Structure formats: C-alpha cells, structure tokens
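Each residue of the sequence shown is one higher than the one before, counting from 6 in my numbering. The beta-carbon is built from N, C-alpha and C at its ideal position, and this holds for glycine as well. Keep in mind that this is a model prediction, so the values were computed, not measured.
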Amino acid sequence: MNRKDFLNLSARASLFFGITPSLIACKDDKQVIEEAQAKALLDGTKKALGTAVGLTVNPIDKVRVGMIGMGNRGSVLIQMFEYLVKNNHAEIVALSDLKEDKVVKNNDYLKTIQRKGADLYFGNEHEWKKVAERDDVDLLIIATPWKYHTEMSVYGMERGKHVACEQPMAMTIEDCWKLIEVAERTKKHCMYMENCCYNGEELWVLNMINEGVFGEVNHAEGAYIHDLRKHMMHETYYEDQWRIKHHETKNGNFYTGHGLGPVSFYMDIGRGDNYDHLVSMSSREQSLSEAAKKQGYKTTTFACGDMNTTLIKTKLGKTIMLQFDTHTGRPYSRLNTVTGTKAAHQGYPSRLYVGHEELQWGHSWLDEKEYKEYRERYDHPLWKKLREQIDANAIGHGGMDFVMVYRLIRCLNQGLPLDINLYDSVLWSAITPLSELSVANKSASITIPDFTGGTWKTPRKNEVLRDIT
C-alpha cells in the first residue's frame, strides 16, 4: 500500500467510526494500516440478505454427523450423542483430528453407543477436508482451535453440509461477512455452539422474561471469568499451547459467547433489537505474566489485559456490560445479571428480586423459599421434559451441552429453524475484533454493522422457547 492509499483509507475509516486523527497519529504505520484495513471492511459496502432468518430445510430422519477436532471439547461433545444415537435420531459417521490416538480413543467410546464405529481421519492438516467432502455427512461439528473455524465452516457449507462450530466462528470482520455470504448462498445452517444459552439458569431467566416477570429489560451483564492460566500454559491441554498465543499478540474480548449469547436472547437481539455501538477497554496485564514467570513459560510478555470490559448499546437504547478475564485467580462467573422494570437477577450465586417498581424504602433478594417457588413455576419446559436425560449427561457442563446438541439434532430431524441462527453466530463473533479495534483506539466508540440484513427490526419470539418433540 502506498502512502496516498494509506492516508485515504485511514481517513475514510476514521470518519466512519468517528475516530479522531490524533488517535491514529499515536500509532506506528504498520498498526494503523492493519486497523484501517479492518475498519474499511465496515464501510457499508457489504450487506446481508437476511434470508437465514427462519431457515428451514428438508427434515433429516437420522442426522449423519462428521466431527472435526477430537481434543478436550470434541471428546465431551461426542458423549452428548448417546441418547440421540440410541433413539435413532443421529449417527456419527466420521471423526477427524491431527492425532491418531485422539480419534481412536473417541471411536472406542463410540462403539459402545452405536452399531459401529466411525471412519477415522488423521495424520495431516488436510485430512479434515475428506470429512466435509463425504456424501453421507449431513452435519459438520467443528471443535478445533479458533483460527480454523471460519475456514472449516465455509469449506463444509460449500460442500453441502450444515455446520455447527464452537466459538468463536470468526475472528475478523472479513470472516464474519464471509460466513454470511456463503451460508446465505448455500442455504445451509451455520450455528455457533453456545452451550450457555441452554443452561438451566439461563433458560429459566429467559422464560421469566417471556412470561413478563421482569417487565421491560433495559440492562444486562454477562462474562467469561475463568482462571485458565494453568490450562493455557500446559504443554498438551491445548495442543501446541494454541490458546495462550492469542493473548501474546491481541488485546480485547476473545470469548464473547458465554456471556453475550444468553444476554442477547434476553434482549431479543436480532428479534426486535440489535447492537448499535460499543466501547471496550482492557486493564493492564499482570496476572498472566507473573504466572508465566513462576511456570517458566517461554514468554512473559502478553498483549491482552487481565480484564477486558466491553459496553454495548442497542438500537432501542438498552445496555450490555460484557467482561472477559482468564488471567486472574478469581472464582468462575458468567455474571448472568439482568435488570428489568419489575425484577432483577444476578448469577453466581443465582439470586432473584421481584417488585422494585413498588418504590420500597429498601429491598433484598428473595429468600430461599420464594426463590424456589419462582424456579419451579418458571423452569423452562425443555429442562422439565429432559430432566432424566440431562442428569444422565451431566458431564457436559451440568447438562447444558446435552440440551444444546439435543435441540440441534431434533431441529434438523424435523426441518425446523435452529435456535441459534447464522446472524446470531456472526453477531456474537464480531464483538471480538470490534473490541480489539476499540481497545487499540483508546476505547473509541465503534459502530457495529448490521449483519442481519435489517431483519432484526421484525420482533419475533425466541426460537429456544418453542416446544419440540
């Protein structure tokens, strides 16, 4: 890029985002060019058609599944299929991973729940493509390191496969648009596998919102707060220590879905409201580098701050606080806080307050008896119906992994729209690169593109509230 083109691109990007020239001037040319190029992708030239809303496909009596990535996550997901396989709703036909021992181990388990094991693909970085190219695969499940997610999802859809992928589905805005273009063109499902949308607590809160307990919801908070220092530096837990490498070079919120997915459901994002803009900032980094020194890790320099906080404003004026911290030794939390005109909930531990519109002098959370009454009265029907199966599959994060996989497969069996659609998947993923842009520009306000093709303007009931058999 020559200097003239660079200045023109930077100026257009700056005007589009309302970023002042002084924020650009404080950076070296390489960094400015990279950021300006990223911002230029949002200049309004790319648009979604919106055709994936309510997407239906022909029912698939038995969903034939190919799984790519059989490490920590893939090894859990495969176990969520036992009930579905034994009831003839699904069959796993292919497993792929770089490591032979991983596919063999998971195939040994598979042989205990279905008539035969799967075909195995391993040994080089392109073997996974053979799974996507098979004629007898309906659905690809992708549980690989993040950098492969977009490529694998696109390759699968181009070859006629529905795709369900672990988060994030994309790590750049360019890849977000790529997913939209391919999914809309091929008319294939493209689902972000956000298990927390299916957790009992989150579905209970969503059901209460739907039943009017909260009145109008105006603010919510979500997070991924999880001390992963030991995991990230372990030599084999994340193969080739891939996860910590993102922390060495980038600064923002890398793992949005656990907090943002449920909150977006609470606020009808894409179903009557949409994200408008965000600001993001990160604290200084200290905890991960100190842990790296103690562990003798190969580097002690990390770009990612210990805590990232991103604030999102919606088109209807609601606010979301989203946090990300995998560095500090604090208890696990997703916050799961939601405030309405009639009630409030706060997670970790779960607490509920009802009645703040009555202008009391003081208030407190409901006592245990009152809390249980609300929990029983508004428990999501899905958890009530699947209680036995959920208890049997509690290894999957307390059952929410099973519920997620169950809903995915049963929707495909019946040809129904998925609970989490293409635009949800892209919206939740896009917050990562947008948070990085804001952090890099002194927490400048960043406009969030409309990835829904305007379909967000039409209110509709959240699909996960449907009762399906």
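Cα-Cα separation, residue i to residue j
i: A45; j: W388; result: Legend: pLDDT at A45 = 48, less than 50; position of this residue unreliable, no value from coordinates given.
i: A169; j: T333; result: 31 Å
i: G257; j: S287; result: 7 Å
i: I414; j: G220; result: 33 Å
i: Y411; j: Y114; result: 19 Å
i: G128; j: P354; result: 45 Å
i: P438; j: K374; result: 44 Å
i: W370; j: V359; result: 8 Å
i: L391; j: H350; result: 24 Å
i: S294; j: D281; result: 35 Å
i: T61; j: G420; result: 6 Å
i: M75; j: K166; result: 19 Å
i: F22; j: K462; result: In this predicted model, F22 has a pLDDT of only 43, less than 50, meaning its place in the structure is not dependable; the value taken from the coordinates is given anyway. Whole-angstrom Cα-Cα distance: 23 Å.
Same chain, Cβ closer than 8 Å to residue i, five either side skipped, listed in chain order
i: R289; result: G310, D311
i: P464; result: D273, R276, G277
i: Y271; result: V210, L211, I214, V222, A225, V343
i: D141; result: R69, V98
Three-state class that DSSP yields for residue i in the structure shown
i: F86; result: helix
i: L20; result: Model confidence at L20 stands at a pLDDT of 39, short of 50, so the residue's coordinates are unreliable and nothing is read from them.
i: D245; result: helix
i: M198; result: coil
i: E179; result: helix
i: M237; result: helix
i: N223; result: strand
i: Y260; result: coil
i: L387; result: helix
i: T254; result: helix
i: Y126; result: strand
i: N341; result: coil
i: A349; result: strand
i: S440; result: helix
i: T452; result: strand
i: T191; result: helix
i: T50; result: coil
i: I56; result: The sequence given here places Thr at residue 56; Ile does not occur at that position. In the structure shown, T56 sits in coil (DSSP, three-state: anything other than H, G, I, E or B).
i: T460; result: helix
Contact set for residue i: own chain, Cβ-Cβ below 6 Å, skip 5 residues either direction
i: D124; result: A99
i: H252; result: F307, C309
i: Y203; result: M405, V408, M409
For residue i, the nearest candidate out of the options (CA to CA)
i: Y153; options: T177, K166, D140; result: T177
i: G403; options: G55, K91, E206; result: E206
i: T315; options: A445, L321, G217, N63; result: A445
i: Q328; options: R356, Y260, T474; result: Y260
Strand pairing of residue i, partner residues [DSSP]
i: S285; result: T315
i: C416; result: According to DSSP, which records beta bridges pairwise, C416 is partnered with nothing at all.
i: I274; result: D278
i: D330; result: I230
i: R69; result: E96
i: C170; result: I147, Y197
i: L357; result: H350
Any non-hydrogen atom of the ligand NAD within 6 Å of residue i CB
i: T437; result: Ligands in the displayed structure: none, and consequently the ligand NAD is not present.
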